[in-house]
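What follows is one structure encoded as structure tokens, with my remarks underneath.
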Amino acid sequence: MIASRVGRAVRLQLADVGGAARLFLQVLARSGTALLRFGLVREQVFFLGNRSLSIIGVSGLFVGFVLALQGYYTLQRYGSAEAVGLLVALSLVRELGPVVTALLFAGRAGTSLTAEIGLMKAGEQLTAMEMMAVDPLTRVLAPRFWGGVIAMPLLAAVFSAVGIIGGWLVAVPLIGIDAGSFWSQMQGGVDVWADVGNGVIKSLVFGVTVTFVALLQGYACKPTPEGVSQATTRTVVVSSLAVLALDFVLTAMMFSI
Amino acid sequence: MAPSTSPLSPASPFLIELRDVSCGYGERVILEKVNLRIPRGKVLALIGTSGGGKTTVLRLLGRQIRPIQGQVLFDGQDLAPLNLDQLYAVRRRMGMLFQFGALFTDLSVFENVAFPLREHTKLPEAMIRDLVLMKLNAVGLRGARDLMPSEVSGGMARRVALARAIALDPDLVLYDEPFAGLDPISLGVAARLIRDLNDALGLTSVIVSHDLHETFGIADEVAMIANGRVVAQGTPDELRHSEDPLVKQFVGAHADGPVRFHQPAVPVAQDFGVAA
Chain A
1 MIASRVGRAV
11 RLQLADVGGA
21 ARLFLQVLAR
31 SGTALLRFGL
41 VREQVFFLGN
51 RSLSIIGVSG
61 LFVGFVLALQ
71 GYYTLQRYGS
81 AEAVGLLVAL
91 SLVRELGPVV
101 TALLFAGRAG
111 TSLTAEIGLM
121 KAGEQLTAME
131 MMAVDPLTRV
141 LAPRFWGGVI
151 AMPLLAAVFS
161 AVGIIGGWLV
171 AVPLIGIDAG
181 SFWSQMQGGV
191 DVWADVGNGV
201 IKSLVFGVTV
211 TFVALLQGYA
221 CKPTPEGVSQ
231 ATTRTVVVSS
241 LAVLALDFVL
251 TAMMFSI
Chain B
258 MAPSTSPLSP
268 ASPFLIELRD
278 VSCGYGERVI
288 LEKVNLRIPR
298 GKVLALIGTS
308 GGGKTTVLRL
318 LGRQIRPIQG
328 QVLFDGQDLA
338 PLNLDQLYAV
348 RRRMGMLFQF
358 GALFTDLSVF
368 ENVAFPLREH
378 TKLPEAMIRD
388 LVLMKLNAVG
398 LRGARDLMPS
408 EVSGGMARRV
418 ALARAIALDP
428 DLVLYDEPFA
438 GLDPISLGVA
448 ARLIRDLNDA
458 LGLTSVIVSH
468 DLHETFGIAD
478 EVAMIANGRV
488 VAQGTPDELR
498 HSEDPLVKQF
508 VGAHADGPVR
518 FHQPAVPVAQ
528 DFGVAA
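Sequences listed follow chains A and B, in order.
Each residue of the first sequence is one higher than the last, beginning at 1 in my numbering.
Each residue of the second sequence is one higher than the last, beginning at 258 in my numbering.
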């Protein structure tokens, strides 16, 4: 009895994973058509990216402030407070930029994607589209997917840039570290490929993950008010956990290369 | 060889044929060996009790679902084996009006009607504008072109959806409960529109409705579906005067008859603890 219950639960989970993988491949297969109509993708970059800009900017600024303060606290013990610029830049570009942006993106843009697709489903808009011989995967899901994938690295770059400015504000005018040391240490210590490149790869992977999870939850949700609300919650939970887990995997891979 | 699909040389007087169609969800059988033929150019109404299978017929016609058994033919072509491209080619010849319109809420009234034209044609913008305004004019909403779906009433939304459904000049229009929740004026307008558009554009229309008065007023033929079968089919007058007890109960709106008022239950005496 217990074995059959466990078996059933495992089978249902596997079916969900299979369904998700199938949808992912279907969206990828339709990407060519969606990217050719770039206006649709550009619209989504605007919706997802531009509207997340304020939350990303403000968060980046505060994270930069805190990084500089905490970095100074540790570094001054070793007499290398000038390296705070390098610490802020590396932390942001390699780690915090991509990760925090992805978490904020999941909360800001991911939830709105899930709710939008879920409500389109509940209002029979997706069925109406199918009956008009328009494939919702090509017309609705694929442009949103690529919109998210393109927006994420751009937002992460904004986050890191604003964070560095925040770090400078705390380190230079407030604490009084020499501006020349602050910038030159950063310039000398940050490698374009090893540091910035790895950050960009991370944010691309997170862009794919968060956007796809949001689309999947919206597309697969029960077309009822509680179904949409549960799907929205799942978007935040699943994509946040996926981002944190993937971050570990990616970081480990990048260290081993 | 595939049958001719040109409306000018019809292969059969029937645009739609259901041949021994059985259909269900899981183990629940909704339709059992249903046979139904819908003549070209006519308005057919599907009536019947709730859960009796009317909407399932509509879903079969658009191949939103496939039958377990039997064939659904659209213009002589079996819908079941079509791949997605072939299915979409057939669906371009169909329009569907959903119960609450299913308008795209992020697009204006104009853009909703323009949607199928933009997706399926490469017409210049000026021609799309003219076509959209013509369709909107046909449903009396040329003046509402700039409104958003949230700014129009339920009746207007359904008229916009009707304009969108006929945007590509389909051969068949499917109506899912087009009269549900409309005030008497909107209801009369919707019914008149369905009939007039059917005749003016040479469509074939299938209406699923509970509103017998409006439906009987505009339909050429009525099919009653109950318990997964077509129990009666004929002109509205034939159904009005039918002696079949189920049809009589439905058309006369009697509370009790072959469709029981009471759900099957233990005897009343047993439930209330009194002697029978």
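From the three backbone atoms N, C-alpha and C, an ideal C-beta is built for every residue, glycine too.
Remember, predicted model here, so these are calculated numbers, not experimental data.
Query, Result
"With a cut-off of 8 Å on the beta carbons, I'd call Ala437 (chain B) and Gln356 (chain B) a contact; round off their distance for me.", "6 Å"
"Return the chain-ordered list of same chain residues with a C-beta closer than 8 Å to the C-beta of Leu374 (chain B), the five sequence neighbours on each side being excluded.", "Leu380, Ile385, Leu388, Val389, Ala424, Leu425"
"Our contact map puts Ala264 (chain A) next to Thr209 (chain A) with C-beta atoms below 8 Å; I'd like the distance itself, whole angstroms only.", "The structure shown has nothing for residue 264 (chain A), since chain A only spans 1 to 257."
"With 16 other CB atoms within 10 Å as the buried threshold, where does Lys222 (chain A) fall?", "exposed"
"In the region 116 to 202 of chain A, which residue ranges form an unbroken alpha helix (DSSP H) of at least 4 residues, counting only runs that do not cross its ends?", "125 to 131, 142 to 169, 179 to 189"
"Counting only Cβ pairs nearer than 8 Å, list the residues of chain A close to Met384 (chain B).", "Neighbours of Met384 (chain B) on chain A: none; closest Cβ ~19 Å, over 8 Å."
"Return the first residue and the last residue of the alpha helix (DSSP H) that Asn394 (chain B) is part of.", "382 to 395"
"Curious, which full-length beta strand (DSSP E) runs of at least 3 residues does the region 272 to 328 of chain B contain?", "285 to 296, 300 to 305"
"For Asp16 (chain A) and Leu23 (chain A), I'd like the C-alpha separation in whole angstroms.", "10 Å"
"Could you give the uninterrupted runs of the beta strand (DSSP E) lying entirely in the region 476 to 520 of chain B, keeping only those of 3 residues or more?", "478 to 483, 486 to 491"
"Which residues in the same chain as Val6 (chain A) place their Cβ atom closer than 8 Å to its Cβ, once the five residues preceding and following it in sequence are excluded?", "none"
"If we count the other Cβ atoms within 10 Å of its Cβ and call it buried at 16 or more, is Val523 (chain B) buried or exposed?", "exposed"
"Evaluate the contact criterion for the region 493 to 513 of chain B versus the region 332 to 344 of chain B: three or more CB pairs, one atom per stretch, below 8 Å.", "no"
"Is Phe355 (chain B) helix, strand or coil by DSSP?", "coil"
"To which residues of the same chain is Arg349 (chain B) closer than 7 Å at the C-beta, ignoring the five residues directly before and after it?", "His377, Leu425"
"Could you confirm whether any beta carbon from chain B is found closer than 8 Å to the beta carbon of Glu43 (chain A)?", "no"
"Which residue comes first and which comes last in the alpha helix (DSSP H) that contains Gln364 (chain B)?", "First, the amino acid is wrong: residue 364 (chain B) is Leu here, not Gln. Premise fails: Leu364 (chain B) is in no alpha helix (DSSP H) and is neither H nor E."
"Taking a contact to mean a Cβ-Cβ separation below 8 Å, would you say Gly166 (chain A) touches Val63 (chain A) in this structure?", "yes"
"With DSSP as the reference, identify every bridge partner of Ser462 (chain B), one or two as the case may be.", "B:Val300, B:Val430"
"Using a cut-off of 7 Å between C-beta atoms, extract the partners of Pro345 (chain B) located in chain A.", "In the sequence on display, residue 345 (chain B) carries Tyr and not Pro. Here the neighbours are Ala133."
"Determine the chain B residues that contact Thr127 (chain A) at a beta-carbon separation under 8 Å, and present them in chain order.", "Gln321, Phe355, Ala359"
"Leu429 (chain B) and Thr461 (chain B): beta carbons closer than 8 Å?", "yes"
"At 9 Å on the CB atoms, spell out the chain A contacts of Pro373 (chain B), in chain order.", "Met132, Ala133, Val134"
"What in chain B is Cβ-close to Gly123 (chain A), meaning under 8 Å?", "Phe357, Ala359, Thr362"
"Taking the CB atoms as reference points, tell me whether Leu272 (chain B) and Ile304 (chain B) lie closer together than 8 Å.", "no"
"What residues are listed by DSSP as bridge partners for Leu330 (chain B)?", "B:Glu274, B:Asp335"
"Using CA atoms only, rank isn't needed, just tell me which of B:Val300, B:Pro427, B:Val396 is closest to Met413 (chain B).", "B:Val396"
"According to DSSP, is Asp440 (chain B) part of a helix, a strand, or is it coil?", "coil"
"Give me, in chain order, the residues of the same chain whose beta-carbon lies closer than 6 Å to that of Thr33 (chain A); leave out the 5 immediate sequence neighbours on both sides.", "Thr138"
"On the CB-based measure, 16 or more other CB atoms within 10 Å of its CB, does Asp494 (chain B) come out buried or exposed?", "exposed"
"Does Arg348 (chain B) have its Cβ less than 8 Å from a Cβ in chain C?", "Judged by its chain identifiers, the structure shown contains no chain C, and its protein chains are A and B."
"Do you know how far the Cα of Ile322 (chain B) is from the Cα of Gly411 (chain B)?", "28 Å"
"So, is the C-beta of Met351 (chain B) closer than 8 Å to a C-beta in chain A?", "yes"
"Going by the beta-carbon positions, is the gap between Gly97 (chain A) and Gly148 (chain A) smaller than 8 Å?", "no"
"If you count every other CB in all the chains shown that lies within 10 Å of the CB of Ala359 (chain B), and 16 or more means buried, which is it?", "buried"
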